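Have a look at the structure below, then the notes.
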Amino acid sequence: MNSADIKRSARDSGADLVGIAPVERLGYLPETADPRTFAPGTRSVIVVGHRIMRGTLRGIEEGTSFFNTYGCFGLNWMQDQFLARTVYELCCAIEREGFEASPLLGKDIAGNSFVPDINAYAHAAGLGSVGKGGFFLTPEYGHRQRFGVIFTTLELEGDEVIECDFCKDCNACMEACPLEAYKDGKLDLEYCKICRNGAFAVADSCEKVDRCAASCGRACMIALEDKVGNRFAARFRKRSIWQRGLSGSSVTAGNQFTGGVCPKKFESK
Ligand code: SF4
Ligand code: SF4
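Going by the numbering used here, the first residue of the sequence shown is number 1050, and it counts up by one from there.
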């Protein structure tokens, strides 16, 4: 089984993205995230990605539904069912060939000493890089994907590492944050944990907060509409935006959210 076989098999199992890194590329990571700490004998790290469908962000964009679509098809089921299934099937295919394959998702479970660094693995596997806003960006989908990982004893040819330069002359994610969580370009995750603009606190996730559908994440998606490979016939944003402040009251009342205190930043809007 070579790299081309792995990619074919992953795509047959539903993957939208597949990248491969020789494990040596990750030698700079702390022991707690080095694949060889988790699985001695690992030779290659395979990163598999599923796109997060743009349509799953629609309910949050319009302020009409948070959990029913995105919470299921963009977040929980996406990771724990669709992505997990793809990773599982690829692991089975590798183990049928007589090589060990350990599947991982981007989870940080209390009590575990090993905490995967999914973004580092995806970068080493040539899938993209982390942008200014803290999102992992790929040329195909921008910030809109989730990754699963396989550590395997199978030796594979790695993909070329790439850096996405989408963030040049762009601050859209930072400007879209109503809580001003970015300070001097650094994100204060404490704000995100209590953010009510489409962010989901996920205690057992390595990221701790899922920001893909939050005000910042949707701004990133819109900023990259004409730059990523996965383009659409129509623009995503249809109406004026809604945003909520720290208290949960409206900052900008785009759709059904009205009333509340208007922080200075938005008074003139
Ligand atoms: S999740 Fe909320 S608080 Fe955090 S950066 Fe995004 S919009 Fe701001
Ligand atoms: S919105 Fe712009 S600056 Fe922020 S992560 Fe996306 S591309 Fe980079």
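Ideal Cβ positions, reconstructed from N, Cα and C, are used throughout, including at glycine. Quick caveat, the model's predicted, so the values are computed rather than measured.
The beta carbons of F1122 and G1063 sit no closer together than 8 Å. Under the criterion of beta carbons closer than 8 Å, C1265 and C1226 qualify as touching, at roughly 5 Å. Distances from the CB of K1181 to the heavy atoms of ligand 2 include at least one below 7 Å. When only Cα atoms are considered, K1257 and L1203 end up about 31 Å apart. Between the alpha carbons of T1086 and Y1240 lies a distance of about 33 Å.
A direct Cα-Cα distance of roughly 41 Å separates R1286 from A1142. At a threshold of 7 Å, L1236 does not count as near ligand 2, since its beta carbon sits no closer than that to any of the ligand's heavy atoms.
Shown here, A1283 sits in coil according to DSSP, grouped into three states, outside any helix or strand. Contact between the region 1143–1157 and the region 1062–1076 is absent, with fewer than three C-beta pairs closer than 8 Å. Counting along the chain, the unbroken beta strand (DSSP E) around H1099 starts and ends at S1093 to R1100. The chain-ordered list of residues whose CB is nearer than 5 Å to some heavy atom of ligand 1 reads C1226, L1228, A1230, Y1240, C1241, C1244, N1246, A1248, R1260, A1263, S1264 and C1265.
Secondary structure at L1186: strand, using DSSP grouped into helix, strand and coil. By the beta-carbon neighbour count (other beta carbons within 10 angstroms, threshold 16), P1089 is exposed. Closest option to I1101, judged by alpha-carbon separation, among E1229, Y1119, A1250 and I1211: Y1119. Distances from the CB of C1216 to the heavy atoms of ligand 2 include at least one below 7 Å.
For P1079, no alpha helix (DSSP H) run applies, since DSSP gives it neither H nor E. For T1201, the uninterrupted beta strand (DSSP E) segment begins and ends at Q1194 to T1201.
Counting only the Cα atoms, R1288 lies some 42 Å from A1082.
Residue ranges of uninterrupted alpha helix (DSSP H) with 4 or more members, entirely inside the region 1214–1302 and ordered along the chain, are 1221–1224, 1238–1242 and 1264–1272.
In the three-state DSSP reduction, P1071 falls in the strand class (E or B).
Boundaries of the alpha helix (DSSP H) around L1139: A1133 to R1145. Contact check for E1189 against V1097 fails: the beta carbons are separated by 8 Å or more.
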